[in-house]
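This report concerns only the one structure given below.
There are 2 protein chains.
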Amino acid sequence: MHTLNKKRLITVALTCVTLIGRGRAFPFMFEKWGVIPTTGVSALEARSSGHLLADMASLTQENACRVSCFSECFHGVRKEHSFSWSKRLGFNRKCNYETLQVRATVSKIEHNVSSQDAGLATNGGKRKVTDSIKDEARRHGLLEPPTTFSAKYVPFSPYETTEEFYSLDEIIYRSKDGKLLDVQHDMKALKEYDGKYWKALFDSRVGKTTWPFGSGVWSKKEWVLPEIDNDDIVSAFEGNSNLFWAERFGKEMLGMSDLWVKHCGISHTGSFKDLGMTVLVSQVNKLMKMNKKLIGVGCASTGDTSAALSAYCAAAGIPAIVFLPANKISIAQLVQPIANGAIVLSLDTDFDGCMRLIREVTEQVPIYLANSLNSLRLEGQKTAAIEICQQFDWEVPDWVIVPGGNLGNIYAFYKGFVMCKELGLTDRTPRLVCAQAANANPLYLHYKAGWNNFVPVKASPTFASAIQIGDPVSIDRAVYALKNSDGIVEEATEEELMDAAALADMTGMFTCPHTGVALSALMKLREKNVIGPTDRTVVVSTAHGLKFTQSKIAYHSKEITEIQCKHANPPLEVKADLGSVMDALRSKLSLTL
Amino acid sequence: MHTLNKKRLITVALTCVTLIGRGRAFPFMFEKWGVIPTTGVSALEARSSGHLLADMASLTQENACRVSCFSECFHGVRKEHSFSWSKRLGFNRKCNYETLQVRATVSKIEHNVSSQDAGLATNGGKRKVTDSIKDEARRHGLLEPPTTFSAKYVPFSPYETTEEFYSLDEIIYRSKDGKLLDVQHDMKALKEYDGKYWKALFDSRVGKTTWPFGSGVWSKKEWVLPEIDNDDIVSAFEGNSNLFWAERFGKEMLGMSDLWVKHCGISHTGSFKDLGMTVLVSQVNKLMKMNKKLIGVGCASTGDTSAALSAYCAAAGIPAIVFLPANKISIAQLVQPIANGAIVLSLDTDFDGCMRLIREVTEQVPIYLANSLNSLRLEGQKTAAIEICQQFDWEVPDWVIVPGGNLGNIYAFYKGFVMCKELGLTDRTPRLVCAQAANANPLYLHYKAGWNNFVPVKASPTFASAIQIGDPVSIDRAVYALKNSDGIVEEATEEELMDAAALADMTGMFTCPHTGVALSALMKLREKNVIGPTDRTVVVSTAHGLKFTQSKIAYHSKEITEIQCKHANPPLEVKADLGSVMDALRSKLSLTL
């Protein structure tokens, strides 16, 4: 039992209130703290648990500051560990009230929930010259990394048990017998906290710049890389992407009232790959600080991966080595690694050739490999699923449609939704749909064949260039995710995907061709009424349309000969005089102006 | 005095707790509600004000639902208006407790603070086929628009008093004598709520999809367009953009520990113009629903404005008419209005020619004009300033640097910061810096001349194409903002701005040339030590780098002859064999691999 005095009891109550005021809120505090007055507290409620009283009249700015400090100390509290409030908080300097007791269950609250703010409040918004927001966070009780939670690599083998596992601090990409790896969390430790706790914790971190929790990925740090020091994290405050209500598209094109697009591509590097890359580069950063022999991070990429890798390596000052197939990617995609200072090798081969070469190189040189089989990245990508639930206030959508190429992402979404359910944040998981381009549809064919005998295909060119993959590395992960989520695979032809993207754009979006694939899948499933008119459906948009202006221009100028481009909207070349302009408007608006 | 029973009192307490659990929190509730037990409530606290008691044991899912409904009803509560809990809440169906009283100050709480959630909670996540999230919000107490707050157009004339004003429902762009307009809020009404109230309200809206508060702009609706019906709002959940800690750039390039970049360009249409356009198009949507004679919205634009206008008009189903100077804008910029279904007239003239023609057209045809003089847009843009304060947990940065062309944005930022201070959310305003391209620097020259006799210039081409403006429409607004914020104007040459952007990219950003101008201004002010090493400084980035890939490629291929391109990082063309690749890596990494 810890002793507190009345002042502190009031502060306990104020903690909640103040945290509320700052947009952070912890209902579990009320539930887990039993406040027991022992002497001379006539007006206070006295029960063994479950009651709380707050004297709001004493809420002053001074209290508020102290409370912020207080909340940070949760991080340092350990279970079955005697914890002195006064030592950490300096509250005893101001104590002159009756003594009360707080039940020991308070030690259940273990996380740091606050931020740099307390520090700023006490030194007028300035930090020392040598300080950074990281230093500041450290000073406020973050010195000890959380040791309660942990994760490790295990072989991805959901249908058999294995004793094989590896530390995340090892440099390893596959299991002994060549299986994919999976980051496995200590779910028992995570389950010591209930769903309400996790929801409150995650919700408390949204919308601020607290290092590193201002990031949508690192706001879920305990579920991503629980053991990394905050100081080692390389983050650009990624995530927290727009979940857009596609009102007109849903209503007018599909008769749907509850259609949403998760715009993961409205991001720092213009694609969803930021989510995974912040995790990978953070872990590499940690390994390099541990003096693991590494000279940089490399990838072979059709574009988005290299852009994300280069940006995060640039933020960390780690060399990024990028192998790109010459003349196979758009000008917008080439420029990102270059601008971010990566070592860009433009190779006269295709994606598979780049892949082969980087594997050979990493066998000879200590370059960390950042390609799609890397299981660390999936830990970041899965946060998009958690974020969707969070943005819906922890309601689970009925359907989530994800474009699929190398197929890591569909598994990452699955993993995120399952973790939310398993840890009590949600009560179900959505049905997943993987959408493939017909020109690169090995998973679709596998699905149609009743999941029998997967056969890779030779992928043909598709406008959805990032998913032009015939032999996806994460096939096993994807099949597992789809089987367990009552999943569906759909495909879209080039005409279908370009038309769907164009239609979506006409209703205010600016979609990439991969989103077109997903929207096209949605349209087919709506047509068959597999997806109902009121089903809450989320389409995952994986890249910003600005990365695909060339194919959009080609479509709207009807330069794509193989397809009709039936929604093309070319500009009108008009002479710069009022008469010509009015004529043009009359024709377009069909009006007598 | 309103009567409640014990059950209700408990529910009052639970309201707060439940809202906490959902990440919404309202400390003012505690402060403004006085809970007065009148009979048979032995264990409860009884004072005239400022006390609260919650029995957590009674927190059930049922309570939680009811509480959500309850919070929504605040919206309908009017000052000095008798308010029946039971009528709105249906609570009386379940009342069988002792009677209590709640002080009438409860009627101070006036806002809708909740969402679709209550509806979802009661019908299992499904809405009716014909329903949308808007309908749902309406059903839950949103039928009556808030009438407490209001705003109107007044001539922008800060140094003289005027009686002239116009309703926001009028179609008007300038005052009687040709002055710019300003949207003036009823500050007296807003001030009836203290800073704590506003902070809690705004913080409660972050990170969810509640219509329309999930938007960073509309989460500040009361300060933007208080009188618009939520149903008329056209939103893409804009805002809530990344406030990025520029760790490496600050530390390594400038010796700064507290440098931040507000990435307004990481957005739906790739520029900060979304913020203003959602407001303008929403108001036009309202006007059209009011049967004002309007056939669409038009603009003449160098790119970002037309992209934003087209996207929002597409979302609303309103015709957008875009005048663009042929061959003057990038391919990425042309494609957005086209894809979004706008009527795009490509005119063989320059920006001024487009501007002149659209003015002529709008005199003849009822097309709403969306150009930069429009004061509605500034109301949206100012939310970026509020958001910066919010993301820093309502700490005000020392400096905010904004690129300036037509100069509306610098005034919008000023207005946002001043409102925060005036309404008690913050205790000061930052010093503002307006950064101009040397090739289009009329404000800089005006500043250097001690603000005497403004002279427009003929702007020369600049890579920062969106600010290539010699005769800025918002000059008066900008001068006022800078004079009142102890402001500074800086300029950047083409070489300086491109180098600054390239350096920033090397540290993980992907900046547009306008951000280069702002960063360049920062570098100069740091060099002179005007901005100190620990000053918290925010650089406003106005567009996504993906909109400017061409100039980046030109820079990195050293194709820009007038400048050195000293940070160029061209790709290496390498043969696709291991030996050649290893040779290339050896040379780049200076290693004996």
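From first to last, the protein sequence lines stand for chains A and Y.
The numbering of the first sequence is UniProt numbering, which starts it at 1 and goes up by one.
The numbering of the second sequence is UniProt numbering, which starts it at 1 and goes up by one.
Glycine included, C-beta positions come from ideal geometry on N, C-alpha and C.
Being a predicted model, the structure only gives us computed values, none of them experimental.
query, result
"Per DSSP, what kind of secondary structure is Lys588/Y in: helix, strand or coil?", "helix"
"Taking beta-carbon pairs under 7 Å, can you tell me which members of the region 246–258 of chain A lie near chain Y?", "Glu247, Arg248, Ser257, Asp258"
"Can you name the residues of chain Y whose CB is closer than 7 Å to the CB of Ile233/A?", "Near Ile233/A there are no residues of chain Y at all, since even the closest Cβ is about 11 Å away, more than 7 Å."
"List the residues of chain A whose Cβ lies closer than 8 Å to the Cβ of Met277/Y, in chain order.", "Per Cβ cutoff of 8 Å: no residues; Met277/Y is ~11 Å from chain A at best."
"With distances taken from CA atoms, which of Thr278/A, Leu373/A, Phe244/A, His268/A is nearest Ser301/A?", "Leu373/A"
"With 16 other CB atoms within 10 Å as the buried threshold, where does Glu496/Y fall?", "buried"
"For Arg248/Y, count the other beta carbons within 10 Å of its own beta carbon; 16 or more makes it buried, fewer makes it exposed. Which is it?", "buried"
"When DSSP labels each residue in this structure, what does Ala466/Y get in the three-state scheme?", "helix"
"Quick check: the Cα distance between Ser346/Y and Leu578/A, rounded to an integer number of angstroms?", "13 Å"
"Show which residues of chain A have a CB atom less than 9 Å away from the CB atom of residue 607/Y.", "Residue coverage of chain Y in this structure runs from 1 to 593, which leaves residue 607/Y outside it and unanswerable."
"How do the region 377–393 of chain A and the region 354–366 of chain A stand: do at least 3 beta-carbon pairs fall below 8 Å, yes or no?", "no"
"Helix, strand or coil for Glu573/Y per DSSP?", "strand"
"Identify every run of the beta strand (DSSP E) within the region 194–236 of chain A, keeping only runs that are complete inside it and at least 3 residues long; order them along the chain.", "none"
"Using the three-state DSSP reduction, which class does Thr493/Y fall into: helix, strand or coil?", "coil"
"Would Arg536/A be called buried (16 or more neighbouring beta carbons within 10 Å of its own) or exposed?", "buried"
"Can you pull the DSSP bridge partners for Tyr414/Y?", "Looking at the DSSP assignment, Tyr414/Y forms no beta bridge with any residue, so it has no partner."
"Below 7 Å CB to CB, which residues in the same chain sit around Thr349/A once its five sequence neighbours on both sides are set aside?", "Pro325"
"Please look up how many angstroms separate the CB atoms of Ala236/Y and Asp274/Y, rounded, as I've assumed it's under 8 Å.", "7 Å"
"Unbroken alpha helix (DSSP H) runs of length 4 or more, entirely within the region 270–295 of chain A: which are they?", "273–289"
"By Cβ distance, which residues of its chain are closer than 8 Å to Val365/A, with the 5 residues on each side in sequence left out?", "Ile295"
"If you check the beta carbons only, do Val279/Y and Val224/Y fall under 8 Å apart?", "yes"
"Let me know if Ala449/Y comes out buried or exposed under the rule of 16 or more other beta-carbons within 10 Å of its beta-carbon.", "exposed"
"Could you check if Pro397/Y is buried or exposed, using at least 16 other CB atoms within 10 Å of its CB as the buried criterion?", "buried"
"Going by beta carbon distance, what residues of the same chain come within less than 6 Å of Val261/A, once the five residues before and after it are set aside?", "Phe244, Ala246, Val539, Ser541"
"Suppose contacts are defined by Cβ-Cβ distances below 8 Å. Is Lys552/A in contact with Ala311/Y by that definition?", "no"
"Can you list, in chain order, the residues of its chain with a C-beta nearer than 7 Å to that of Ile266/A? Leave out the 5 residues immediately preceding and following it.", "Ser241, Asn242, His544"
"What separation, rounded to the nearest whole angstrom, lies between the Cα atoms of Pro226/A and Leu407/Y?", "46 Å"
"Per DSSP, Trp260/Y forms a beta bridge with which residues?", "Trp245/Y, Val538/Y"
"Identify the contact partners of Thr515/Y in chain A, using a Cβ-Cβ distance below 9 Å as the criterion.", "Within chain A, no residue comes near Thr515/Y; the closest Cβ sits about 13 Å away, beyond 9 Å."
"Check for me: the beta strand (DSSP E) holding Phe323/A runs from which residue to which?", "320–325"
"Does the beta carbon of Val284/Y come closer than 8 Å to any beta carbon on chain A?", "no"
"Kindly indicate which three-state DSSP category Arg428/A falls into: helix, strand or coil?", "coil"
"Within 10 Å of its beta-carbon, does Ala466/A have 16 or more other beta-carbons around it, so buried, or fewer, so exposed?", "buried"
"Quick one, which residues of the region 548–565 of chain A are near chain Y if we go by CB-CB under 8 Å, in chain order?", "Thr549, Gln550, Lys552, Ile553, His556"
"In the DSSP assignment, find the unbroken beta strand (DSSP E) run with Val530/A in it and report its ends.", "Here Val530/A belongs to no beta strand (DSSP E), and DSSP marks it neither H nor E."
"Nearest-angstrom Cα distance between Pro442/A and Ser204/A?", "42 Å"
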